[in-house]
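If you read the sequence shown in our numbering, its first letter stands for residue 332, the second for the next number, and so on.
The beta carbon of each residue, even a glycine, is placed where N, CA and C say it ideally should be.
Down below is the structure, laid out as structure tokens.
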Amino acid sequence: MNLDNSEVNQKEKISPLDEKAFMHSEFGESKYEAQDLGFYHWKIEDWKKLENKVYSPEVNIGSFKWRILLFPRGNNDNNSIALYLDCAPTDENDPNWSVCAQFILAIHSPSDDKVYVMNSVNHRFCSDEKDWGFTKFVEISKLIQPYEGQVPLIVNDKTNISVYIKVIKDPTGVLWHNFKNYDSKAATGYVGLRNQGATCYMNSLLQSLFFTNYFRKSVFQIPTDNDTPTNSVVYALQRVFYNLQTSDIPVGTTELTKSFGWDSLDSFMQHDVQEFNRVLQDNLENKMKGTAAEGAVQKLFVGKMKSFIKCINVNYESSRIEDYYDIQLNVKGCNDIKESFVDYCTTETLEGENKYMAEGYGLQDATKGVIFESFPPVLHLQLKRFEYDIHADSMVKINDRHEFLPTIDLAPFLSDDADKSESYEYELHGVLVHSGDLNGGHYFAFIKPSANSDWLKFDDDRVTKATLTEVYDDNFGGADDNRMDITPMHRGNMNQHHSSRFTNAYMLVYIRKSMLNDILGEVTPEQIPSHIAGKIQEERAALEARKREREELQTMFSIKVVTDDIVSKHEGYDLVDFNERNPDVPRIHQFKLLKTDTHYKISPSHFRLWMFAFRENSTIRPDIFIPEDDYNLTLENLKDKSTNRWPDLRFYLQFSVKSNSKTVDLIPVLNARMNFPSETQLRFFEELQPGKIQPINLRLSFHQCEIRSGDIICFHTENYANGDGNQLDQSRALLNFFDSLSQQIHVLFKHKPNPNVQLDDHHFKLSRQSKYSNFSKLLADKIGTDPLKLRFYSTTGSTTASLTPVVYNPETVLQEIIHAPTAPNVALYTVYYELLDVEITQIELQRYINVVWISESVKDAAPQKIMVRRDGYVSQIVDALNNIVQPNNPLPKAIRLYIGFHSRFHDYIDSESLVSTIADSSTIYAELIPDQILENSNELLTVPVFQFHKETHRSHGTPFLLDLAKDTTLESLNEMIQHKLGLTNKEYEKARLFLMINQGSRPIPLETEEDWELASLGSKSVIGVDIIDRNAKPSRFADRAIKIFN
332 MNLDNSEVNQ KEKISPLDEK AFMHSEFGES KYEAQDLGFY HWKIEDWKKL ENKVYSPEVN
392 IGSFKWRILL FPRGNNDNNS IALYLDCAPT DENDPNWSVC AQFILAIHSP SDDKVYVMNS
452 VNHRFCSDEK DWGFTKFVEI SKLIQPYEGQ VPLIVNDKTN ISVYIKVIKD PTGVLWHNFK
512 NYDSKAATGY VGLRNQGATC YMNSLLQSLF FTNYFRKSVF QIPTDNDTPT NSVVYALQRV
572 FYNLQTSDIP VGTTELTKSF GWDSLDSFMQ HDVQEFNRVL QDNLENKMKG TAAEGAVQKL
632 FVGKMKSFIK CINVNYESSR IEDYYDIQLN VKGCNDIKES FVDYCTTETL EGENKYMAEG
692 YGLQDATKGV IFESFPPVLH LQLKRFEYDI HADSMVKIND RHEFLPTIDL APFLSDDADK
752 SESYEYELHG VLVHSGDLNG GHYFAFIKPS ANSDWLKFDD DRVTKATLTE VYDDNFGGAD
812 DNRMDITPMH RGNMNQHHSS RFTNAYMLVY IRKSMLNDIL GEVTPEQIPS HIAGKIQEER
872 AALEARKRER EELQTMFSIK VVTDDIVSKH EGYDLVDFNE RNPDVPRIHQ FKLLKTDTHY
932 KISPSHFRLW MFAFRENSTI RPDIFIPEDD YNLTLENLKD KSTNRWPDLR FYLQFSVKSN
992 SKTVDLIPVL NARMNFPSET QLRFFEELQP GKIQPINLRL SFHQCEIRSG DIICFHTENY
1052 ANGDGNQLDQ SRALLNFFDS LSQQIHVLFK HKPNPNVQLD DHHFKLSRQS KYSNFSKLLA
1112 DKIGTDPLKL RFYSTTGSTT ASLTPVVYNP ETVLQEIIHA PTAPNVALYT VYYELLDVEI
1172 TQIELQRYIN VVWISESVKD AAPQKIMVRR DGYVSQIVDA LNNIVQPNNP LPKAIRLYIG
1232 FHSRFHDYID SESLVSTIAD SSTIYAELIP DQILENSNEL LTVPVFQFHK ETHRSHGTPF
1292 LLDLAKDTTL ESLNEMIQHK LGLTNKEYEK ARLFLMINQG SRPIPLETEE DWELASLGSK
1352 SVIGVDIIDR NAKPSRFADR AIKIFN
């Protein structure tokens, strides 16, 4: 790496020769501990005589050899000198050597050692990066000029270069590591989990659960002998755990997420780690029932807490004891974990207007609170880093400093009645960290695998050793203004560090000290089900076999051999299509042979091999035959001699003639082969390239016609004519023939899936230019129906979900319907068809309109599908609705219609409007016009109402209209909306109303009558109801809720 940020020291000068003071000043304080410290001064006596690349003498500092590397005339930049520090181990036989160092390079004037240019950097030196420094250290032109108005840096061709080196202790082995060729297993004994896109939250939790060994053993106890990993959550998790325990490489989680019922899109959605933990635990707890693992989740993770209200002046208490799987602790306002527990258990006094109604005692002063009855062996604590900010009207992340401890005694937070016979002292086992903000971020984990082990950092597929500072201090959060690893040279950028840390602990895992050995006891091979180990070992063996096969392929060539049979069945330009797209043509013979094999195994007495070549005019032709002198060459030698650019070798045996013979000499030979009468006259043409045919003069020799090996000659009879019997231009006729061949494709007509009707598939060879009227009749004749009772569907994907109806047009050509081939390298296309009860011309003159009929409440809204003429009027929809909702009524009530998009009101629609003005994606809402509107339309304002959840763009449900009088109160407005929604008091109690002046304006809360009185209702006003969608389908993407579907 080349760093181009050299800078001139501007502060009070300290001579580089005053080593102690200089290093103290420039190295500054650091959070990294120094292991060795040293320096070296390099005196250069004749700058002009230096070579373009020169090293200083070596100096030993610590167990490493150091030297300065100088490019006096620049390194890829002739305007600046380049200066680097080079390092080598004293033991040069160690390929894995490395050393971390902070170093300073300075060039200073021999006339005044306080005139200098310097720069500093940190680096991890290793065999791949053994030198590091600055490509643009200082401009060459500044070396010989008075520097900063004082003296030049080079005087009489003399100068001094100094280096100061601080070797840094690297307790984790990864300080400033580039992680090139890093091996987690070799470095730590453990492996990580691969990230599928945004599954870091899942990876962090899975590692934590994996190292909760008692839990891992319990998961292994669930029977899964007959399960498949993509359909069984337990079996997939068992496989993940087994691979984490035994694999040498990072472990994938695709099987596990598929077993959840997720697709690839789910893997790119970030979720909350605590929410995922709760969902996964619930799922596993159900799967453990009736097995040897039953009760393991309860035993490990579940504690009990008591919620109570206790009267102060009378002897009365109301309480409820319930289970908990984790504890959510406040961060805001609490300095550390103990204060968070105190805050959690702080009681609230109910007094004054807030007195408690005690049964039998009436209103009483009371205390309300929570106390713990027990804590589980493994305690999951979620730190509440996210909260709703009422001013920002959104969720925000809390980055306040919040300290957590290696051990904590939770006995003080137990109720007086709790069992305190055992210790409730807990030891920190895991720290799950979130780095980022509400809109995105990254999860990783710090875990202590055993009671006496060091801490490790699990960051997706990478596992590294971690220091206590990384585990604790770096994840407390708070202001980041105490960075001690920033040297004085870099403190100009310190302003960017005086901000809240966005990386902090989000979930803590504590284990009861007295149960550490039980919880973290080793999981032995005997405790792993044999079918899991056996199956995965088989898969690994197969993977190794495929790996060896790929390695062997590097020593082999692919050989393709084209036979006469293949050429004879080829239709189109050239002799053969190597892409094998035509299913009627035999497959090209393909072999794999070692590069060292010789081709003499093929007997030359039977045939002669020609090598194909890719010509400059984009044709593929036999180029040269293999002479006998080359029979003993290896395939690799043969490939080197060939001129084609393919990775394989391609051969063919073909008819041969003498170059001085004439084309006319071929006529009797070809007449005999084609069984033509001997007197038949032929015309010959050379196929130059696709789309270009040239006549051949029969009186000239092949040599004179410039016909060479591999060229293709086409012929037809002298009287070749078109369908009308008229003679055609001979070359044009051949071109038409080839064009028609190039248009030929294979089409599979498949019946559109229908559980009530099953029809056969039919395969045809058709032209891309075949018209709708032609191929529809062809299929209709095959299945015995009228062509007009067929509807066709095109598809742009591999599933029927992408089917699109083909508009009826007799002139539409097949090319406009087909898209991608069904399979790669095969010219087979699929078109779906449907058998209709009426002619398609009738259907396409009409159109279905989606209409939602709203009666008394939207809860009872009834969707209708109404067919109307495409060229008709909206009044047809009104007539159809009257027949449905007001049958046999000679004087039906008036109906009003409005259009909705995405569960929101869009616009009113008049019955005289054309049906064609209604977009396909829109929904029509219809209802009877209230009598009061008909009677007092001038006294009422009709306001659209829509429902949303949390954010106005997340609308749901059915939009509706309210007709409001001028004296409508907020209370009556709520009653009207509740009635229209068809909700009970309990269901509606958390609803919040908002007013928007127009559809795109900011929502204004309507919380008091004063808010409502101040509201300015207009013709474009809209009321929004913030309420949960109770009818939402269990979509795994709604509200970003995480679900496991299996």
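With DSSP run on the structure shown, which of helix, strand or coil describes residue i?
i, result
"I643", "coil"
"D367", "strand"
"R814", "Model confidence at R814 stands at a pLDDT of 40, short of 50, so the residue's coordinates are unreliable; what they give is reported in the following sentence. R814: coil per DSSP, three-state reduction."
"P1155", "Note that P1155 scores a pLDDT of 44, beneath 50, so its modelled location is shaky and nothing firm can be said."
"K669", "helix"
"C418", "strand"
"L348", "coil"
"W1343", "helix"
"L906", "coil"
"I1328", "coil"
"D996", "helix"
"R716", "coil"
"S1104", "helix"
"P1118", "helix"
"I438", "strand"
"L799", "helix"
"N661", "strand"
"E1147", "helix"
"A517", "helix"
"K926", "Because K926 sits at a pLDDT of 43, beneath the cut-off of 50, its placement in the model cannot be relied upon, and the following sentence gives the value as read from the coordinates. Here K926 sits in coil by DSSP."
"T584", "coil"
"Q1263", "helix"
"L1386", "Residue 1386 lies beyond the range of the chain shown here (332 to 1377); nothing can be said about it."
Considering only C-alpha positions, which residue in the set the options is nearest to residue i?
i, options, result
"N848", "P780, D556, R793, F789", "P780"
"Y675", "G683, S1186, G664, L681", "G664"
"R1039", "R1030, P737, R946", "R946"
"D425", "S440, F395, N1214", "F395"
"G808", "V794, G767, A797", "G767"
"S1247", "L1271, C418, I1180, F1232", "I1180"
"F1070", "E1049, P1021, G1041", "The question names Phe, yet the displayed sequence has Asp at residue 1070. D1070 has its Cα closest to that of P1021, out of E1049, P1021, G1041."
"Q1075", "D1091, N1085, A1211, L1097", "L1097"
"N1067", "L631, D1168, I1358, I1024", "I1024"
"V645", "T555, Y687, Y655, K630", "Y687"
Check the DSSP bridge columns for residue i and list the partner residues they point to.
i, result
"E1282", "H1280"
"M1005", "Paired residues: none, contrary to the question."
"F456", "V430"
"E679", "K699"
"Y1124", "P1136, Y1163"
"E1017", "Q1025, I1044"
"I841", "Note that residue 841 is Tyr in the sequence shown here, rather than Ile. DSSP, once it has assigned bridges, lists L710, L759 as partnering Y841."
"I1354", "V1276, L1326"
"A864", "Partner(s): none; A864 has no beta bridge."
"Q1195", "V1182"
"T834", "S766"
Using 8 Å for Cβ pairs, my map puts residue i next to residue j. What's the rounded Cβ distance?
i, j, result
"Y415", "G480", "The pair is not a contact, with the Cβ atoms about 29 Å apart (cut-off 8 Å)."
"R455", "L506", "6 Å"
"A836", "L714", "6 Å"
"V764", "T677", "So it is not a contact: roughly 28 Å between Cβ atoms."
"K1224", "L1259", "5 Å"
"F789", "C531", "Between C531 and F789 the Cβ distance is about 10 Å, and since that is not below 8 Å, they are no contact."
Is any heavy atom of the ligand SAH found at a distance shorter than 7 Å from the C-beta of residue i?
i, result
"F789", "The ligand SAH is absent from the structure shown, which contains no ligands of any kind."
query: Which runs of the beta strand (DSSP E), 3 residues or longer, sit entirely within the region 442–513?
result: Fully enclosed beta strand (DSSP E) runs of 3 or longer: 447–457, 462–470, 490–499.
message: For a minimum of 3 consecutive residues, which ranges assigned as the beta strand (DSSP E) are wholly contained in the region 527–575?
response: none
Whole runs of the alpha helix (DSSP H) within the region 587–633, excluding any shorter than 4 residues: Counting whole runs of 4 or more residues, the region 587–633 contains the alpha helix (DSSP H) stretches 604–619, 627–632.
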